[in-house]
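Below is one structure, written out as structure tokens, with a few remarks after it.
Numbering (my numbering), first residue to last: 697 to 1253.
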């Protein structure tokens, strides 16, 4: 029986503008009549002539409302002439796995259902983002097209009677007004596992994990559970007891699936016991990671990126491809800059958002990149990749025979240490935060701001310059402005302020503090102690407490 396409009249919803990682809103917003359908239709409409006959990957982190969204996507894709969908079993695919599948099968793109590290459940968040044919998040030009379409949509097309279960692996075909529409439900882990085996020496990693090196890996009830089970337990032989919270849950077990010292406190406590050589945690959709050494020795994401950059020869993939260059997001600590300079590799500083790395990778100029927000990745895909990062760290440790802490101490001894911290003030009132950023920009961009001296805790810092960071892509010359307020001091220290684009409501103010120290006697000091004078100066300059009404941050990393 041939299924019919129907056009449904709809209305415009304000605010369907994708942020740095797609459209994120509360579940209840997505559940509004036609809301999800509108956005999915606009994604497909933005593809234009590439939509008809296309193949798309669909999957997400398993959070609440995911299965309902997959059902809507299937019906709308069928109505818009999409030829085939590759969907993870039960709608489950990590964000790195989506990128892997897009690249492996050369699909037109993919629709990822995730709000990443945001909480899940009926009273929390959901998200939809589009990844392009290179496997990476849609660039500004594409998201701007999608948003423009959301402001004038009047109808969407759907095959309302199409029924396609997603719980069993296999292929289903449907006839839609005389054309064949195929849905293939796939093993969520298989293709990603095959890619990891091409990148890493699994024999060496298995020897490490079965030779007394103990790990504790926390999936935080996010999407990585099945990947951890297959890779670390079944392939590498880690005891199943060394993995925790590996069942994906729609509400992440009531926890906040963000791998940092605050929200992964249970892991920190367990590793602090001294029974594990490495602890790791991942976020809801599997693209972020946190690394801990024995006794919960914390590796900042900025340091993690720099250490991996300094040891890429430990990973077979880079022996084959060579190392092309390094990059970090602008707010990320500048540790990797020094590795790039020492190894004479090209280096890039880009705005926050993984999409900015994609052009550099596609042009063959970037091998390794990262963000201070616990994201690390390479050019094997076009997303940050939490499991890849842990396998990379294990590769370094297997190759060098050092502990996590000794690896960091040796790195700092060679390059010096960039002390780094980030203060997050979550769910603040938007208007005062916008006013704060406006006033701060006026101050720091004034010509008279240069040379200003700030003193605290016996230290004095002299302003070198201040600006609102802007970026011109060296590949396609696209321009991104207003990417974060920066105060740079003469000693190389930096203060950065941004309003986050990854929340679903209110405003999240992020304050970043980065300071370089070459004195080896200070390298083992607590970062918060070293940075306290700069933190106080940052609060003074921004008047953050006065504008937000917050005396303390929600999270410190």
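Beta carbons: idealized from backbone N, C-alpha and C, even for Gly.
request  = Using three-state DSSP, classify residue 709 as helix, strand or coil.
outcome  = coil
key: Segments assigned beta strand (DSSP E), at least 3 residues, entirely inside the segment 1038-1125   = 1042-1046, 1064-1067, 1071-1074, 1113-1124
task = Leaving aside the five residues before and after residue 739 along the sequence, list all residues of the same chain whose C-beta is less than 7 Å from its C-beta, in chain order.
result = 807, 826, 842
request  = Check each candidate in 767, 1014, 1061, 1085 and name the one with the smallest Cα separation from residue 979.
outcome  = 1085
key: Distance between residue 783 and residue 896 (C-alpha atoms, nearest Å)   = 26 Å
query = Which residue comes first and which comes last in the alpha helix (DSSP H) that contains residue 1224?
reply = 1223-1238
query = CA-CA distance, residue 918 and residue 952?
reply = 10 Å
query = How do the segment 883-894 and the segment 775-793 stand: do at least 3 beta-carbon pairs fall below 8 Å, yes or no?
reply = yes
inquiry  = Check whether the segment 832-839 and the segment 697-705 touch, using three or more Cβ-Cβ pairs below 8 Å as the test.
reply    = no
query = What do you reckon, are the CB atoms on residue 988 and residue 976 nearer than 9 Å?
reply = yes
Residue 822 burial status per 10 Å Cβ neighbour count (16 or more: buried) = buried
query = For the candidate residues 1047, 910, 1066, 1078, whose alpha-carbon lies nearest to that of residue 1059?
reply = 1078
message = Applying the 10 Å Cβ sphere with the 16-neighbour rule, what's the burial state of residue 1200?
response = Here residue 1200 scores only 49 on pLDDT, less than 50, and its place in the model should not be relied on; the value that follows carries that caveat. So residue 1200 ends up on the buried side.
task = Report all residues from its chain with a CB closer than 6 Å to the CB of residue 949; omit the five preceding and five following residues, and keep chain order.
result = 917
key: Simplified DSSP assignment, three categories, for residue 1248   = coil
task = Can you have a look at residue 1103 and say buried or exposed, based on whether 16 or more other CB atoms are within 10 angstroms of its CB?
result = buried
query = What runs of the alpha helix (DSSP H), each 4 residues or longer, lie entirely inside the segment 825-884?
reply = 836-846
query = Are the segment 1090-1107 and the segment 988-1004 touching by the rule of at least three beta carbon pairs closer than 8 Å?
reply = yes
Candidates 774, 1009, 900, of which the one nearest residue 868 by Cα = 774
request  = Could you pull the start and end residues of the beta strand (DSSP E) that residue 977 belongs to?
outcome  = 974-978
key: Nearest-angstrom Cβ-Cβ length linking residue 1190 and residue 1210, presumed shorter than 8 Å   = 5 Å
message = Going by beta-carbon coordinates alone, are residue 1113 and residue 1031 separated by less than 9 Å?
response = yes
query = What's the C-alpha gap between residue 1185 and residue 1115?
reply = 15 Å
task = With a 10 Å radius around its C-beta and 16 neighbouring C-beta atoms as the bar for buried, classify residue 728 as buried or exposed.
result = exposed
ask   = When the Cα atoms are used, what is the spatial distance from residue 768 to residue 1095?
value = 48 Å
message = Considering only their Cβ atoms, is the gap separating residue 759 from residue 1027 smaller than 9 Å?
response = no
request  = State the beta-bridge partners of residue 822 as determined by DSSP.
outcome  = 721
message = Just to confirm the assignment, what range does the alpha helix (DSSP H) spanning residue 1184 have?
response = No alpha helix (DSSP H) holds residue 1184; the beta strand (DSSP E) holding it covers 1181-1185.
query = Below 8 Å, can you find three or more Cβ-Cβ pairs linking the segment 958-972 to the segment 1047-1056?
reply = no
Sequence-distant residues of the same chain with beta carbon closer than 7 Å to residue 1158, five excluded per side = 1147, 1149, 1185, 1186
ask   = Are the segment 716-732 and the segment 857-865 touching by the rule of at least three beta carbon pairs closer than 8 Å?
value = no
request  = In angstroms with no decimal places, state the Cα-to-Cα distance between residue 1250 and residue 1123.
outcome  = 9 Å
request  = In the DSSP assignment, find the alpha helix (DSSP H) that holds residue 767 and state where it starts and stops.
outcome  = 762-775
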